[in-house]
């Protein structure tokens, strides 16, 4: 992941447009840092964000903790090269579109970490009912952890039980 300084990006629209194009073309995230102690941010492709949000919603958890609204109303849409910038009500999250399609999102790194964690839990916990029941049955038939392991000198859980075949 590449890293750039926020002041370099904000002061120079051409550099920002180049970074957005890079993220859009390569699908690679770009880390945006600051010297004044603000939280780091991440530019990420919209497709990756959509996938993270999809899986995060599969996990039963509290909603994303959003910061309070910005004290001033954020500016309206602003054209930057082929992209249009939309600043969200919190004044931090920013969406960039091209041709009315969302292509890149700027998020706080902490919010993105939380979203990735929720997506991981969502992916792990998502099984169809039949698959979930079969997995629970499989786990119930397993020997307790440590029984028959090489560490206690055992030879493993033992042979599998024979199952008669109907002829």
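Residue numbers (the working numbering): 920 to 1086.
Glycine included, each C-beta is placed from N, C-alpha and C at the ideal position.
In this text, all values refer to a predicted model and were calculated from it rather than measured experimentally.
With a cut-off of 8 Å on Cβ pairs, the region 1018-1038 is in contact with the region 938-946, counting three or more such pairs.
Linking residue 1028 to residue 1061 through their CA atoms gives a straight-line distance of about 40 Å. Exclusion of the five residues before and after residue 978 leaves 1037, 1040, 1041, 1044 as the residues of its chain whose Cβ lies within less than 7 Å of its Cβ. C-alpha of residue 962 to C-alpha of residue 968: approximately 10 Å in a straight line. Shown here for residue 971: same chain residues with a beta carbon closer than 7 Å to its own, the five before and five after excluded, namely 1034, 1035, 1038 in chain order.
Comparing alpha carbon positions, the residue from 964, 1050, 957, 1005 closest to residue 948 is 964.
Residue 1012 is positioned such that its CB atom lies closer than 9 Å to that of residue 1026. Annotated three-state conformation of residue 994 is coil, per DSSP. It is roughly 12 Å from the alpha-carbon of residue 1008 to the alpha-carbon of residue 1014. Taking C-alpha positions only, residue 955 is separated from residue 935 by approximately 19 Å.
The straight-line gap separating the alpha-carbon atoms of residue 1047 and residue 1054 is approximately 10 Å. A residue is called buried once 16 or more other Cβ atoms fall within 10 Å of its Cβ, and residue 1002 is buried on that count. Between the alpha carbons of residue 973 and residue 1059 lies a gap of roughly 31 Å. By the neighbour-count definition (other C-beta atoms within 10 Å, threshold 16), residue 943 is a buried residue. In the structure shown, residue 1048 falls within a helical segment according to DSSP collapsed to helix, strand and coil. Closest in alpha carbon position to residue 966, among 946, 951, 959, is 946.
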